[in-house]
Structures are given as C-alpha cells and as structure tokens.
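Mapping the sequence shown onto my numbering, position 58 (from 1) lands on 850, and the numbers just tick up by one.
Written out below as structure tokens is the structure these notes cover.
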Amino acid sequence: MKSLLAGFKEFVMRGNVVDLAVGIVIGGAFTAVVTGLLDGIINPLIAAIFGQPDISGVGHFVINGANFSIGLFLNAVLNFLIIAAALYFIVVAPLNHLAERRARGQEEEPEPLAQDTVLLQEIRDLLAAQSGRSQY
C-alpha cells in the first residue's frame, strides 16, 4: 500500500501533471477574458456592421426544408481565430519572450567530441606524459 501511495505521489508531483493542472485552471480563467472580449467588443462591432449580434444568422437559407447557415460556420471560425489570437498574444508570445531572455543567460553545452578525437587526445596526453618522464 505504501509503494502505491509513493507511486501516486511521484506521478502527481511530476512537472507535466502540475503544468497541465495549471494550464487547465488558467484556460478556465482565460475563457472569461475571451468571452468578455467577444461580448463587449467584437459582437457589438458585428451587430453594428451586419445589424445582428453575431454573424450566425448571415447567409441563412432553406432548400427543400433543409436549413443552411454559412454564418454559423463563419461565426465559429471567427470565434476560434479571436480566441487563438488572444491566447497567442496574451500568453504564448510573452512566455516565449521570457524563455528567450532566460536562455540568453545560459551558455550552451559544447557538443561531445567524436570518438576518434577523444582517442587522439588520449594518445597525445600519453606521449606528453612519457616524454616528460624520460627527461627526469
């Protein structure tokens, strides 16, 4: 039972799980921001242009009793683009900029030497050690 709890604790404390939980909470909070943007700015602009609160009613027609709504699709695409743009410019771009600033302060590790280069260095060091001993 103890190892099961220890395994669960290790699983929960992994960075990915904690990051995912934080992302879900931030996403929920961010939804309110995007909804406010849509309801407070974008939809009133659409209403001013098209005379409707959103474009879901634009391009609506009926053929043989089947309802078609081009505006419904366009409204979904517009909402997606607004959410994606807001998410990118408010969250992703600043975090990428922050990560870039942090990375500037760190030096990249040199690439590991090829095996033949390592062997040549060992031979050089052995020859230098032998020539140093023979002089004494």
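Heads up, the beta-carbon is just placed ideally off N, CA and C, and yes, glycines get one too.
Item                                                                                                         : Value
Alpha-carbon spacing of L873 relative to T823, whole angstroms                                               : 14 Å
Residue span of the beta strand (DSSP E) that contains V854, given as start and end                          : H852 to I855
Test: F860 CB closer than 9 Å to a CB of chain D                                                             : Looking for chain D here will not work: only one protein chain is present.
For A858, the three-state DSSP class (helix, strand or coil)                                                 : strand
Assigned exposure category for D811 - 16 Cβ within 10 Å defines buried                                       : exposed
Cβ-Cβ distance between G841 and N867 below 9 Å                                                               : The question names Gly, yet the displayed sequence has Ile at residue 841. Not in contact: I841 and N867 (Cβ atoms no closer than 9 Å).
For H852, the nearest candidate out of I862, P845 and A858 (CA to CA)                                        : I862
I838 classed as buried or exposed, judged by whether at least 16 other C-beta atoms fall within 10 angstroms : buried
Cα-Cα separation, K801 to S795                                                                               : 10 Å
Same chain, Cβ closer than 7 Å to E914, neighbours up to 5 away in sequence not counted                      : none
Boundaries (first-last residue) of the alpha helix (DSSP H) holding I847                                     : I847 -> no alpha helix (DSSP H), and no H or E assigned at all.
DSSP three-state assignment for E901, whether helix, strand or coil                                          : coil
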